[in-house]
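Comments concern the structure below.
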Amino acid sequence: MSKKFLVRLLVGLAFLAAAVFYLLSALDVEPFTKFSLAWAGLLFSGVSGLAFLFSALATKNSTQLKKLHVLLGTILLIVAALCLVSALALPENLVLPICLVVAAVGLVLGLLFTGAKNWDEADNQKVGYKNYYKRKEEEEKSKDHTDDSDTPDF
Numbered sequence: 181m182s183k184k185f186l187v188r189l190l191v192g193l194a195f196l197a198a199a200v201f202y203l204l205s206a207l208d209v210e211p212f213t214k215f216s217l218a219w220a221g222l223l224f225s226g227v228s229g230l231a232f233l234f235s236a237l238a239t240k241n242s243t244q245l246k247k248l249h250v251l252l253g254t255i256l257l258i259v260a261a262l263c264l265v266s267a268l269a270l271p272e273n274l275v276l277p278i279c280l281v282v283a284a285v286g287l288v289l290g291l292l293f294t295g296a297k298n299w300d301e302a303d304n305q306k307v308g309y310k311n312y313y314k315r316k317e318e319e320e321k322s323k324d325h326t327d328d329s330d331t332p333d334f
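Going by our numbering, the sequence shown runs without a break in its numbering and finishes at 334.
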């Protein structure tokens, strides 16, 4: 099973579960009477955020894709924190600190998952790289060497 498919399936199932639970609360089914839209948002955005973070952890060789998945996961977890504050009716002064903690965790995870690699690592950082002047010098040497072999010796 593909990792992309697994993440998409998990996000889809989270949306389906949130929608079904919210429908059951609207129909006044007994265990779900306290389930509100805030809880549905918490369920969907929390599971989706974690799915994107796990996807970033499993992504190979693409630093940009890892950073994008960490960013999306962090944003969804911030939305989940806002839904949690709304669902539990927590005081307003807790909203910003919770969001900042989630954002800081997202930054740290972004550094850990990518290994602090730059996406635009230059060629001159690689072993054996020859700059323009070295390449021209080698080209001139090879040109002089081939010119000597073309002329006959007298």
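Cβ atoms here follow ideal geometry from the backbone N, Cα and C, with glycine treated the same way.
These figures come from a predicted structure and were not determined experimentally.
Buried versus exposed call for residue i [16 or more other C-beta atoms within 10 Å across all chains shown]
i	result
H325	exposed
V250	buried
K316	exposed
Y313	exposed
K246	buried
L213	Sequence check: residue 213 is Thr here, not Leu. Burial call: exposed.
A199	exposed
G295	exposed
Within 9 Å, strictly: CB atoms of residue i and residue j
i	j	result
A220	F293	no
L280	V227	no
L204	F195	no
K310	E320	no
Nonlocal neighbours in the same chain, by C-beta distance under 8 Å from residue i, ignoring five residues either side
i	result
V259	G221, S225, G229
N273	none
F201	F212, F215, W219, A220, L223
Contact test: residue i Cβ vs the ligand FAD heavy atom, cutoff 8 Å
i	result
A198	With respect to the ligand FAD, the structure offers nothing, as it holds no ligand at all.
Contacts around residue i, its chain only, beta-carbon distance under 6 Å, and the 5 residues preceding and following it disregarded
i	result
L256	S225, S228, G229
L270	none
E252	Correcting the residue type first, residue 252 is Leu in the shown sequence and not Glu. Around L252: F232.
Given residue i as reference, the closest of the options once Cα atoms are compared
i	options	result
K184	L196, S205, F234	F234
L262	N311, L204, G308, A218	A218
L186	E319, E320, A206, A238	A238
Cutoff 7 Å; reference residue i; Cβ partners in own chain excluding five residues on either side
i	result
A283	T254, I258
L264	L222
A267	S216, A218, W219, L222
Test: residue i CB closer than 9 Å to a CB of chain D
i	result
F201	Note that chain D does not occur in the displayed structure, where there is just one protein chain.
Handout entry: Those runs of the alpha helix (DSSP H) which lie wholly inside the segment 209-234 and span at least 4 residues
Key = none
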